[in-house]
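Protein chains in written order, with the UniProt record's numbering: chain A, 1 to 230; chain B, 1 to 230.
Read through the structure below, which is laid out as structure tokens, and then see the notes.
Below is the structure:
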């Protein structure tokens with residue numbers, strides 16, 4: 001049994017939930033508001049960030065990329081044809097490249113500013129950086145979403161899934177970040193048919209259901225967030 | 001034969017050079033000024049960042065962490081007792097945690113702002129963000145170096161190397177980032193004896209020599225940069 005310290009809008013936590021869902025592994029969720037810098041959490045993860053995965057007999061495992069490698073090393077071979085990390089060296093490079101693209105670049109340029117401004121700041125005290133959303137930050141992040149969406153569309157047109165023929169961590173990373181900002185209505189799906197068709201396929205997977213069913217009080221989800229046919 | 005697109009002050013590029021040095025692998029260096037966004041480079045790495053490793057028969061491999069995994073998968077077992085990534089699951093988590101700590105957290109909080117303000121800005125045109133160094137950014141980054149140095153000292157006191165008994169990628173990542181800012185005189189070694197003693201050991205390794213012998217015209221290295229007994 002796994003315990004995941006997460007936040008419902010942390011895109012990296014969403015990635016880990018999707019991955020555990022694909023592996024068919026059960027988990028217990030603990031919501032962590034990292035800006036409160038809770039001492040018990042910092043002892044487990046000095047970096048003070050979500051996600052953090054714990055399981056008996058292992059040190060705590062921090063971060064989306066590290067958790068992905070851990071799950072592949074401990075459960076990958078059992079997955080047979082549904083393994084989320086390919087087995088050839090060149091394909092592994094491509095999956096890791098795209099995981100980093102979304103977990104680092106998309107996060108920094110798009111999902112983190114949007115989620116921080118629109119969600120986290122509601123819960124932060126003033127000394128923690130709370131307050132009204134910064135409209136210039138939101139505007140810049142929304143512009144970045146458009147070029148990322150075009151890149152996803154380009155990948156989806158040249159391949160069956162983002163990193164190749166099969167569903168991999170690359171798809172889960174992209175979908176996790178998109179889902180967090182799709183809740184907020186910040187993805188202009190109309191601009192890219194190929195990206196939209198790829199996302200519809202990933203969103204239809206059973207591993208996605210728990211994410212789509214969680215709503216935040218006071219922040220309604222966008223009109224099409226739960227629609228599988230949006 | 002490998003080709004590494006790098007910048008002499010890019011801490012992630014330094015990490016890859018140290019790793020290739022430890023593996024005993026030859027490489028050709030190509031200096032890339034990423035802020036110029038050269039088209040040929042963006043074709044190889046759409047993220048537009050250094051380091052980028054190329055070798056025949058493989059897609060280009062971007063980023064310190066991905067290159068580290070690639071080298072371990074292709075050359076790790078040949079290294080026997082000198083492998084830079086341990087073989088047990090728990091130890092691998094710890095090495096990856098510390099690699100990410102330095103390659104992401106230390107980079108963002110300390111090495112990147114210092115190198116950007118003090119080095120990169122000299123070469124950037126005004127529209128690329130060039131100009132005089134921002135003293136407030138430098139001051140904040142130097143304050144962050146102190147708490148990171150204390151963390152390194154704490155690890156070095158409880159273990160032989162940062163992630164455990166043996167030299168791993170964790171040591172190379174920490175040393176790579178420190179070396180870039182040590183050139184600039186931005187590491188207050190006097191504050192932590194344990195961190196200093198650990199760095200002196202890593203700096204004495206043959207893989208470090210090429211880094212220590214490269215000086216940037218117009219920017220003299222700090223008094224103790226090349227000293228193995230500083």
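Beta carbons are placed, not taken as given, at the ideal position from N, Cα and C, and that holds for glycine.
If you check the beta carbons only, do residue i and residue j fall under 9 Å apart?
i	j	result
residue 182 of chain A	residue 224 of chain A	yes
residue 85 of chain A	residue 169 of chain A	yes
residue 95 of chain A	residue 53 of chain A	no
residue 192 of chain A	residue 153 of chain A	yes
residue 23 of chain B	residue 93 of chain A	no
residue 113 of chain B	residue 141 of chain B	yes
residue 11 of chain B	residue 144 of chain B	no
residue 50 of chain B	residue 28 of chain B	no
residue 18 of chain A	residue 212 of chain A	no
Taking all protein chains shown into account, do 16 or more other C-beta atoms lie within 10 angstroms of the C-beta of residue i, making it buried, or fewer, making it exposed?
i	result
residue 202 of chain B	buried
residue 160 of chain B	exposed
residue 1 of chain A	exposed
residue 199 of chain A	buried
residue 219 of chain A	exposed
residue 215 of chain B	exposed
residue 146 of chain A	exposed
residue 97 of chain A	buried
residue 139 of chain B	exposed
residue 66 of chain B	buried
residue 32 of chain A	buried
residue 217 of chain A	exposed
residue 187 of chain B	buried
residue 162 of chain A	buried
residue 172 of chain A	buried
residue 34 of chain B	buried
If you follow the alpha helix (DSSP H) that residue i is in, where does it begin and where does it stop?
i	result
residue 105 of chain A	Residue 105 of chain A -> no alpha helix (DSSP H), and no H or E assigned at all.
residue 158 of chain B	135-158
residue 30 of chain B	Counting along the chain, residue 30 of chain B falls outside any alpha helix (DSSP H), though it belongs to the beta strand (DSSP E) covering 27-31.
residue 43 of chain A	39-44
residue 15 of chain B	11-23
residue 219 of chain A	Taken as a continuous stretch (DSSP letters only), residue 219 of chain A belongs to no alpha helix (DSSP H), as it is neither H nor E.
residue 128 of chain B	Premise fails: residue 128 of chain B is in no alpha helix (DSSP H) and is neither H nor E.
residue 92 of chain B	89-100
residue 211 of chain A	209-212
residue 193 of chain A	193-203
residue 111 of chain A	Per DSSP, residue 111 of chain A belongs to no alpha helix (DSSP H) and is neither H nor E.
residue 65 of chain A	64-75
residue 190 of chain A	It is not in any alpha helix (DSSP H) - residue 190 of chain A carries neither H nor E in the DSSP assignment.
residue 183 of chain A	169-183
Look at the alpha carbon of residue i and the alpha carbon of residue j, and state the distance between them as a whole number of angstroms.
i	j	result
residue 204 of chain B	residue 155 of chain A	45 Å
residue 136 of chain A	residue 126 of chain B	23 Å
residue 68 of chain A	residue 134 of chain B	38 Å
residue 77 of chain A	residue 82 of chain B	27 Å
residue 62 of chain A	residue 177 of chain A	18 Å
residue 25 of chain B	residue 13 of chain B	15 Å
residue 9 of chain A	residue 229 of chain B	49 Å
residue 132 of chain B	residue 36 of chain A	36 Å
residue 5 of chain B	residue 227 of chain A	44 Å
residue 72 of chain A	residue 89 of chain B	11 Å
residue 158 of chain B	residue 174 of chain B	16 Å
residue 111 of chain B	residue 184 of chain B	10 Å
residue 100 of chain B	residue 197 of chain A	34 Å
residue 167 of chain B	residue 130 of chain B	38 Å
residue 75 of chain B	residue 21 of chain B	13 Å
residue 179 of chain A	residue 64 of chain B	28 Å
residue 120 of chain B	residue 87 of chain B	38 Å
residue 40 of chain B	residue 39 of chain A	48 Å
residue 231 of chain A	residue 7 of chain A	What the structure shows of chain A is the stretch from 1 to 230, and residue 231 of chain A is not part of that stretch, so it cannot be assessed.
residue 195 of chain A	residue 189 of chain A	8 Å
residue 42 of chain B	residue 118 of chain B	25 Å
residue 148 of chain B	residue 91 of chain A	35 Å
residue 30 of chain A	residue 222 of chain B	47 Å
residue 122 of chain B	residue 122 of chain A	40 Å
From what residue to what residue does the beta strand (DSSP E) around residue i run?
i	result
residue 3 of chain A	2-6
residue 53 of chain B	52-54
Does the ligand NAD have a heavy atom nearer than 8 Å to the CB of residue i?
i	result
residue 20 of chain B	The ligand NAD is absent from the structure shown, which contains no ligands of any kind.
Of all the CB atoms in chain D, is at least one closer than 9 Å to the CB of residue i?
i	result
residue 158 of chain A	Checking the listed chains, one finds no chain D in this structure; the protein chains it contains are A and B.
### Query
Using 8 Å as the Cβ pair cut-off and three pairs as the minimum, do the stretch 205-216 of chain A and the stretch 51-61 of chain A touch?
no
### Query
Does the stretch 99-117 of chain A come close enough to the stretch 42-55 of chain A to have 3 or more Cβ pairs within less than 8 Å?
no
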